[in-house]
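There are 4 protein chains.
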Amino acid sequence: MAVDLTPETAVADLAQRTARFVREVVLPVEEEHRGVVRSDAVRTRLQTAAKEAGVFAPHVAPEYGGQGLDMRGRALVFEEAGYSLLGPLALNIAAPDEGNMHMLEAIATPAQQDRYLRPLATGAVRSCFAMTEPAPGAGSDPDALTTRAERVPGGWRIHGRKWFITGADGAGFAIVMARTTGEPGDRGGATMFLVDADNPGMKTVRHIETLDESLFGGHVELLFDDCFVSDEAVLGEVDEGFRYAQVRLGPARMTHCMRWLGIARRAQDIAVARAAERRLFGSRLADLGMVQQMIADNEIDIAASRGLITQACWELDEGRSGAQSTSIAKTFCAEAIHRVVDRSLQICGALGVSGDVLLGRFLREVRPFRIYDGSSETHRWAIARRTVKRHEQAAGR
Amino acid sequence: MAVDLTPETAVADLAQRTARFVREVVLPVEEEHRGVVRSDAVRTRLQTAAKEAGVFAPHVAPEYGGQGLDMRGRALVFEEAGYSLLGPLALNIAAPDEGNMHMLEAIATPAQQDRYLRPLATGAVRSCFAMTEPAPGAGSDPDALTTRAERVPGGWRIHGRKWFITGADGAGFAIVMARTTGEPGDRGGATMFLVDADNPGMKTVRHIETLDESLFGGHVELLFDDCFVSDEAVLGEVDEGFRYAQVRLGPARMTHCMRWLGIARRAQDIAVARAAERRLFGSRLADLGMVQQMIADNEIDIAASRGLITQACWELDEGRSGAQSTSIAKTFCAEAIHRVVDRSLQICGALGVSGDVLLGRFLREVRPFRIYDGSSETHRWAIARRTVKRHEQAAGR
Amino acid sequence: MAVDLTPETAVADLAQRTARFVREVVLPVEEEHRGVVRSDAVRTRLQTAAKEAGVFAPHVAPEYGGQGLDMRGRALVFEEAGYSLLGPLALNIAAPDEGNMHMLEAIATPAQQDRYLRPLATGAVRSCFAMTEPAPGAGSDPDALTTRAERVPGGWRIHGRKWFITGADGAGFAIVMARTTGEPGDRGGATMFLVDADNPGMKTVRHIETLDESLFGGHVELLFDDCFVSDEAVLGEVDEGFRYAQVRLGPARMTHCMRWLGIARRAQDIAVARAAERRLFGSRLADLGMVQQMIADNEIDIAASRGLITQACWELDEGRSGAQSTSIAKTFCAEAIHRVVDRSLQICGALGVSGDVLLGRFLREVRPFRIYDGSSETHRWAIARRTVKRHEQAAGR
Amino acid sequence: MAVDLTPETAVADLAQRTARFVREVVLPVEEEHRGVVRSDAVRTRLQTAAKEAGVFAPHVAPEYGGQGLDMRGRALVFEEAGYSLLGPLALNIAAPDEGNMHMLEAIATPAQQDRYLRPLATGAVRSCFAMTEPAPGAGSDPDALTTRAERVPGGWRIHGRKWFITGADGAGFAIVMARTTGEPGDRGGATMFLVDADNPGMKTVRHIETLDESLFGGHVELLFDDCFVSDEAVLGEVDEGFRYAQVRLGPARMTHCMRWLGIARRAQDIAVARAAERRLFGSRLADLGMVQQMIADNEIDIAASRGLITQACWELDEGRSGAQSTSIAKTFCAEAIHRVVDRSLQICGALGVSGDVLLGRFLREVRPFRIYDGSSETHRWAIARRTVKRHEQAAGR
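Chains as they are written, first to last, in the numbering used here: chain A, 1410 to 1806; chain B, 1410 to 1806; chain C, 1410 to 1806; chain D, 1410 to 1806.
Below, the structure written as structure tokens:
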């Protein structure tokens, strides 16, 4: 058995069909909506088309209507879906639903899967993942978790404030992370709860206006005000929430990278098309050295991103922790993808800044990725710590 | 006479008063409007306040109500005004009016000055500068100018299309650059014309949606369709337009840098305030090395930008061409200012991406500056050519 | 068959034994000689030890004493060998011998293989590859080839000048690239010739002093002055030299990357060890954020380099051209490896600059790699051209 | 009085004469010695020529044979001297003698000035400055100072180890920094001592081999082993050494920048000359976009460095602390100068790596400047701390 980068035939085929679906069906809708859709009708129309094209929800198990793609398979298909801002929505693989499905498959009870995963997988409902808190709560430092759930007769009462809860507006339910042991600042224990959207204790404080605008359902601030949930709402084991979060976060980090890598390729395609046609100073842009440098650097960044995603996905599929490799891939991809979009916009000049192409929109969408899902600084800190620890362990031998 | 960086007392005083005015009067309005004002009433209110504060239109000659600041003086005052997105508007030193006043002072006839400069200097009207054309017309390469003016009895008829004409919506008049000799691709001769807003031959095609949104009057596409102007509309000499454009462009490049440098300082102040107060992993952000590195790099970029602006302004005030030094300063400042805003946003994390601070807005505003007023690539090309030519001349000695 | 990054067991085992051999046997010799060996006795001693350890010449076919590693296998083993500047010499996989063996296996006649490949594979002789010429000859642009071979009765006469011929001093033979058709500037045809060291027409002009010094046999300028070779000296077909050069260059580019990646890891290990022990301002270096950033960036650069090497090697093993993927990998690796060594030296501070560690030596060795084997600029130009051509072909469909 | 960048006429004239002297007299010697001189005879020959040319020791007061240049004046003249690696030696403005003269003028007694400054200023002797210690002693963190001086009858006894003592080999005397109060890790007090070279208590342990090699007298490790000095050896006041070190370090940082900026310009001149003459792919290098980008970036880095030096020098001449502005200038210049040399070498390709030009030598010389005189990380840490403190003071108002 040697190193082999040949994808499975079925996966390669699905990726190709996804690419075609995105170009033929999704791009026109994206053009019409300038990349930002807020209507459930449009979402449903796109998802119906994806089902017809046989490319819908490929990551979930067949019993939920998918094809059970492993992480390596997702890497190929999600990148193709990500070629449009609306591709992930169409395939039902957008954040945060995709990561929630992943986690529900892994740790929910059969009853919870029936009630929450099944409709999520078909697109009948959407969901959100309520972990991040405004400062000084849980953000880059999960141990700072301040939202708290107290055990009460027959269930739990949740108190706390969450923000940047992506997709919360219109979501059918939330997966809520709350502290059940210890105090903010020490690890203690956290527990995940499934909270229905109509629970009166879960209140939308506001929509947070953000630089990015394409994630369906926005970024929302939520207040949990004496929010009661029954024992059936506990997802997995009590006090195991931090561990589950890792289960979700590693793969979720990677699927973000895959989707945004699609946008990077798209930006490059727009820029190359422009460079091949636009003339300046008597040359094609594509024949000017500084433009060639940007085009080449884009190719390099895209290829390197893909290589790091492959490595991390393979580790995750092998059952390894992937902590280091997903941190490395996320940090590099977030910065590289931003560079690619930024250079592509630069190549297009004033056109790139204008709404006549979507590059400015893409730039706004990818910039926050250097902050979301662990900022570049937090990941670098973690990468360095693991590297030094590895050294100390080797030296201790 | 030695090198001396001490500003004139009157200028230092004006800069200080401008800084106070911006903090006390302009920032609340900016906050209220999230940095983007489209109402003439708000503009007038700000300008009235600036007049009362004695900081209005400091760049024009005293006879037009200003203080006749030279470029070095502008460097200090405009940076302070630029601390808010609305500061330049309040002082009536925003693009493109500021550059147009500069040029009208330099080359308009007394009659033209009375009719166009005087109301422009008081803020009674606004103006625009119609030079840039959609590809394959004049952009980075001015010789590609395709808009054409033909001499007809009693005046001229202008035909052509312009885009990215900043401030055109609501402007009282346009300064229009049109070819009067030669063909696109060779230099030939261009002439500048003063065209009143109510001229039926000048038509607004559309507002161009752009990543940036703060420049009053937007970016507009204009059509000149058999647009007749009389001989009195000629600004300066016929066929001297390219030379006048240089008169305008060097200083205009620098005043852009000054204003955006103010925003860079503002972004840094927001980030430092956040870093000094926010705690993460048991430390203040401001005590974490990676944050310190970003703070320090911001300081370095700001200081280096200021040094290059000073150099270029001094050359312009000395009557030198400033072609090389303004290209160098513009290229560096556009990139450095973008880095500063980008790092500041990164320091603030999710908050930085949110509308709770204006950093995302600032990022959108400064990004196009790497393209506007000559892209970084065009300037680098010009810098390198001049450098090689300088070498060849030295070698030829 | 899915994407799989698990190496073959035998290869993994060989890589591990190579790593152990380098640490136990090679590093002490490297330390003694400060990384630069010029003595054949030391070379032979190292190679004998490698034979005893069963790690010698793993890339050549078993009939020549090796293990016939494919490119993916080389990627693992060569990186381990490259952990010391002397590892590749010890394993007989240093440039240019390794690439020459690769080419001789591929295109030499059995008689030529017996005479040239066999002793080369055992380390009995060394070789060089004489392609590069001083300006304005063949360098980044192979078409500029000026060295010329004329057909004469019984063979050929070679005229021309070559420089930067690595390993030429003491080499038993040279593979010489000479033009046999056309004129410098057009492609025409080139032919490769095997020239024995004692051929009186091949003269050493001088050793070129270079920033790097670790390649055995130095960088030499050679003069071919009416150098007669018989028809048996033709390697492969007449006029097919440019094509063969590509056969050699793609893999050779990758093996350079593999070896230098080993040095990057070594530099990082030195820096991490230092950071884990040295205290500054009351903290360990390893706990200071700016140092952590450098450590993390090193990990990222190493991982991304490895990913790109894997991709390119897989393509080459699959029989694809690998032109784009080897250019991408070479460009990225050359720059990333330099960054890793540079940061590692920075982490070590004054110690890093001193001869007490080998980081300054490593920096000198890796810097030229951004120029050798096609400069970063030449590769970026090629990458961009292929990208634009790919776009045009896609658009043409 | 307005901002004015016009240099004094006498200074401009001296700078011009220095430039001519370097080109006509110094460059041939540099070429002959490949940039590294270790012979006192050559040093004396160069200095005699500089005296004849009227450009010798321009920084010291007229009574010591100089012209009493202030920091702004030095900025111009030292940059011209720095155009050759040997220029500063010729003018007697090389490190560490130049900084020592600066300090001796400022704080030595008349008797000490007679004995030490006078012969130093004429080049009759050289000197060194013994402050830096091997880890865990004084380096980036001066408070870690471990060398200790005990008061004994009639004087002091110094114990400790110093390293990276530039110029120590052959120096007539050392200025030695030793702790006279407190313990390593707290500030306490330090005192500077003048120690003659023939003091038996000051012993050379070894020459430290370093990446850079051009500083006359090398980098030396010194042992102070019960080294007795009399009370007359105290330079300035007891326990005021840390303060004096700041007096020396700010200006010394700047003069390093000035000299290395000269080398950056030299590297750029070599690269531009090459680019203007070398042809590749049918174009001059100087007409290829990626080369133009490097040439332009060099111009930008050089101009920005000069601007930051000017700012810091003006502050120092005004009597301000200059702590922030010298840190900013040093950090930027060290990195920018390295980039300029690195790009210049890249432009020259294989030639740049070879000893046929001195670019590889320059690269080795400037790389350590990012570590010497406070590493970039230490300066960034200090810059950030001052920035945050400035914010806190402003907020506290």
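Yeah, the Cβ is synthetic: ideal placement off N, Cα and C, and Gly gets one too. Just so you know, these numbers come straight off a predicted model, no measurement behind them.
- Residue nearest to Asp1751 (chain A) within the set A:Ala1685, A:Leu1631, A:Ile1679, A:Gly1805 is A:Ile1679 (criterion: CA-CA distance).
- The region 1680-1696 of chain D makes no contact with the region 1490-1508 of chain D; the number of CB pairs closer than 8 Å stays below 3.
- In the displayed model, Asp1621 (chain B) falls within coil according to three-state DSSP, outside both helix and strand.
- The secondary-structure analysis by DSSP pairs His1616 (chain A) across a beta bridge with A:Val1629.
- Sequence-distant partners of Thr1541 (chain D) (beyond 5 residues in either direction) whose C-beta falls short of 8 Å from its own C-beta, in its chain, are Ala1547, Gly1548, Lys1571, Trp1572, Phe1573, Ile1574.
- Here the C-alpha atom of Pro1497 (chain B) lies approximately 25 Å from the C-alpha atom of Gly1769 (chain A).
- In the DSSP annotation of this structure, the continuous segment of the alpha helix (DSSP H) that includes Arg1662 (chain C) starts and ends at 1650-1686.
- Taken in chain order, the unbroken stretches of alpha helix (DSSP H) that lie wholly in the region 1722-1785 of chain A and span 4 residues or more are 1732-1757, 1759-1762, 1768-1775.
- Here the alpha carbons of Asp1710 (chain D) and Ala1745 (chain D) stand approximately 6 Å from one another.
- In summary, the residues of the region 1672-1698 of chain B whose CB is separated from some CB of chain C by less than 7 Å are Leu1697, Gly1698, in the order they occur in the chain.
- Relative to Asp1605 (chain B), the option among B:Glu1592, B:Gln1425, B:Val1534, B:Pro1543 whose CA is nearest is B:Val1534.
- Taking 8 Å as the upper bound for CB-CB distance, Arg1789 (chain B) and Ala1743 (chain B) are not in contact here, some 11 Å apart.
- At a cut-off of 8 Å, the C-beta of Gln1701 (chain A) has a neighbouring C-beta in chain D.
- Per DSSP, the beta bridge partners of Gly1569 (chain D) are D:Phe1633.
- Looking only at B:Gly1805, B:Arg1799, B:Met1512, B:Glu1641, the smallest Cα-Cα distance to Val1656 (chain B) is reached by B:Met1512.
- Chain-order list of chain B residues neighbouring Thr1619 (chain A): Ala1759, Val1762, Ser1763, Gly1764, Gly1769, by C-beta distance under 9 Å.
- Under the DSSP assignment, Thr1531 (chain C) falls in the alpha helix (DSSP H) whose first and last residues are 1527-1531.
- Under the 8 Å criterion on CB atoms, Phe1741 (chain D) is classed as interfacial with respect to chain B.
- Secondary structure of Leu1495 (chain B) (DSSP, three-state): coil.
- Contact annotation for Glu1488 (chain A) against chain C: no contact, minimum CB-CB distance about 13 Å [criterion: below 8 Å].
- Of the candidates B:Ala1458, B:Val1766, B:Ala1520, B:Val1766 places its Cα closest to the Cα of Gln1677 (chain B).
- Not a single unbroken stretch of the alpha helix (DSSP H) spanning 4 or more residues falls wholly within the region 1686-1719 of chain D.
- In chain C, no part has a C-beta under 7 Å from the C-beta of Glu1433 (chain A); the shortest such distance is about 14 Å.
- If you check the CB distance, Thr1613 (chain B) and Thr1600 (chain B) do not come in under 8 Å.
- Residues of the region 1778-1798 of chain C with a C-beta less than 8 Å from any C-beta of chain D: Arg1779, Ile1780, Tyr1781, Ser1784, Ser1785, Glu1786, Arg1789, Trp1790, listed in chain order.
- Rounded to the nearest angstrom, the Cβ distance from Gly1564 (chain A) to Ala1642 (chain A) is 7 Å, consistent with a contact under 8 Å.
- The three-state reading of DSSP puts Arg1481 (chain A) in helix, counting H, G and I together.
- Just so you know, the alpha carbons of Gly1491 (chain B) and Ala1424 (chain B) end up roughly 11 Å apart.
- With respect to Glu1514 (chain A), Ala1484 (chain A) sits apart: the two C-beta atoms are not nearer than 8 Å.
- DSSP, read as helix, strand or coil, puts Asp1550 (chain A) in coil.
- A residue is called buried once 16 or more other Cβ atoms fall within 10 Å of its Cβ, and Thr1518 (chain A), having fewer, is exposed.
- Chain D places a beta carbon closer than 8 Å to that of Gly1548 (chain C), counting this residue as a contact.
- It is roughly 32 Å from the alpha-carbon of Asp1696 (chain B) to the alpha-carbon of Glu1727 (chain D).
- Identification of residues in the region 1569-1588 of chain D having a C-beta nearer than 9 Å to some C-beta of chain C yields Trp1572, Phe1573, given in sequence order.
- Taking a cut-off of 8 Å for Cβ pairs, the region 1620-1628 of chain A and the region 1772-1786 of chain A touch, as three or more such pairs fall below it.
- Here Ser1784 (chain A) is buried: its Cβ has 16 or more other Cβ atoms, across all protein chains shown, within 10 Å.
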